[in-house]
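To keep things clear, I will list the structure first and then write my remarks on it.
Protein chains: 2
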Amino acid sequence: MPQNPQETTNIKAQMRKGVLELCVLLVIDRGEVYANDILQELRAAEMIVVEGTLYPLLSRLKNDGLVSYNWSESKSGPPRKYYSLTAEGRHTLQAQSGAWKELAASMNALIKKYSV
Amino acid sequence: MPQNPQETTNIKAQMRKGVLELCVLLVIDRGEVYANDILQELRAAEMIVVEGTLYPLLSRLKNDGLVSYNWSESKSGPPRKYYSLTAEGRHTLQAQSGAWKELAASMNALIKKYSV
DNA sequence: TCCTACCCCTTGCATTGCAAGCTACCTTCC
DNA sequence: GGAAGGTAGCTTGCAATGCAAGGGGTAGGA
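Keeping their order, the protein sequence lines are chains A and B.
Anchor point for the first sequence: position 15 equals 325 in my numbering, and the numbering is continuous, going up by one each time.
Anchor point for the second sequence: position 36 equals 346 in my numbering, and the numbering is continuous, going up by one each time.
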């Protein structure tokens, strides 16, 4: 059943692996954001993401020194972690952005060559 | 050290996850091929692949009924498995190709929005 | 016979998206 | 004041999958 929606969803889920980190870096680069901001942005871009994916990713980015955060009070609810990119994070963003463009170019060339 | 070649290689390796299956389907769709043909095609397209990646992938595609193969004698060396797509394989190829285009569109929109 | 090239395959590991569930804080309502 | 609900952050366990490393079998030449 390769055509039903479920199957297509899984395919896209697999493809998202590896580019989610780039997406998150892109959003954080815009300015200070906290987790829910990122979730909303990525959902709007049809890069479906859930909390259980994002929090470990943010922790990993923090441990790798690509992002930093500071606590900030909220008017309605518990305090939030507002993230921003470090210099190394901006560096990595550039590298991943380039890697994406190369991958996309390779893929498009392949698809064109075998013209589906 | 997000800029050294090693790091960039890892980034691209992560991104390749999920699209390799599509690449292999694309190549097999061209006509009957065996493992080394596929490896050469994908390396030429800068989608670096090694045997340890390709063989399990081919086995999975076979188990999923997306490809079939027949043994064929070789002039120089052991017999080869020549692969071809099944009807379901062609179906999946279409689906994955569509999924790729959607993902690429989402990514490019994101990159453009935050214009790196 | 031994060596090289070719071909297929398996095992074990690391990464990572995700479902599911938990804790804690703040506001609102009774 | 206490309970309920929403907000925010996080953890655990699982599944998928690329890859390094290694194995074994066949053909042909030195």
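Beta carbons: idealized from backbone N, C-alpha and C, even for Gly.
Quick one: is residue 424 (chain B) near chain A, going by C-beta distance under 8 Å? yes
Do the region 411–423 of chain B and the region 322–339 of chain A touch if we need at least three Cβ pairs shorter than 8 Å? yes
Using the beta-carbon of each residue, which ones in chain B are nearer than 8 Å to residue 382 (chain A)? Neighbours of residue 382 (chain A) on chain B: none; closest Cβ ~22 Å, over 8 Å.
So what's residue 329 (chain A) in DSSP terms, helix, strand or just coil? coil
Please classify residue 351 (chain B) as buried or exposed, where buried requires at least 16 neighbouring CB atoms within 10 angstroms. Per the 10 Å Cβ criterion, buried.
Would you mind working out which of B:405, B:410, B:364 sits nearest residue 345 (chain B), comparing C-alpha positions? B:364
Note the first and the last residue of the continuous alpha helix (DSSP H) segment covering residue 365 (chain B). 361–373
Does the beta carbon of residue 358 (chain A) come closer than 8 Å to any beta carbon on chain B? Judged by the 8 Å Cβ criterion, residue 358 (chain A) is not in contact with chain B.
Bridge partners of residue 381 (chain B), per DSSP? B:391
Work out the CA separation of residue 324 (chain A) and residue 372 (chain A) for me, nearest whole Å. 24 Å
Quick one, are the C-beta atoms of residue 392 (chain A) and residue 337 (chain A) less than 8 Å apart? In terms of Cβ geometry, residue 392 (chain A) and residue 337 (chain A) do not form a close pair [threshold 8 Å].
Of all Cβ atoms in chain B, is any one closer than 8 Å to the Cβ of residue 416 (chain A)? yes
Residue 413 (chain A) beta carbon less than 8 Å from that of residue 322 (chain B): In this structure, residue 322 (chain B) sits near residue 413 (chain A), with a CB-CB distance shorter than 8 Å.
What's the C-alpha gap between residue 313 (chain A) and residue 405 (chain B)? Only weak support exists for where residue 313 (chain A) lies, its pLDDT of 35 falling under 50; the value from the coordinates is given anyway. Their Cα atoms are separated by approximately 7 Å.
What residues in its chain sit with their C-beta under 7 Å from that of residue 382 (chain A), if we drop five residues either side in the sequence? Taken in chain order, the residues that qualify are 389, 390, 392.
Within a Cβ cutoff of 7 Å, which residues of the same chain sit near residue 429 (chain A), ignoring the five residues on either side of it in sequence? Chain A is shown from 311 up to 426; residue 429 (chain A) falls before or after that span and cannot be answered.
CB contact flag (residue 398 (chain B), residue 376 (chain B), <8 Å): yes
Which chain A residues sit within Cβ distance under 8 Å of residue 329 (chain B)? 325, 413, 417
Under 9 Å, CB to CB, which of the residues in the region 390–410 of chain A have a partner in chain B? Of all residues in the region 390–410 of chain A, 398, 399, 401, 402, 403, 404, 405, 406, 407, 408, 409, 410 have a Cβ within less than 9 Å of some Cβ in chain B.
Throw me the rounded Cβ distance for the residue 395 (chain A) and residue 339 (chain A) pair, which I believe falls under 8 Å. Yes, they are in contact, since the Cβ atoms of residue 395 (chain A) and residue 339 (chain A) sit about 5 Å apart, within 8 Å.
Pull out every residue of the region 334–347 of chain A whose Cβ sits closer than 9 Å to any Cβ of chain B, in chain order. 336, 337, 339, 340
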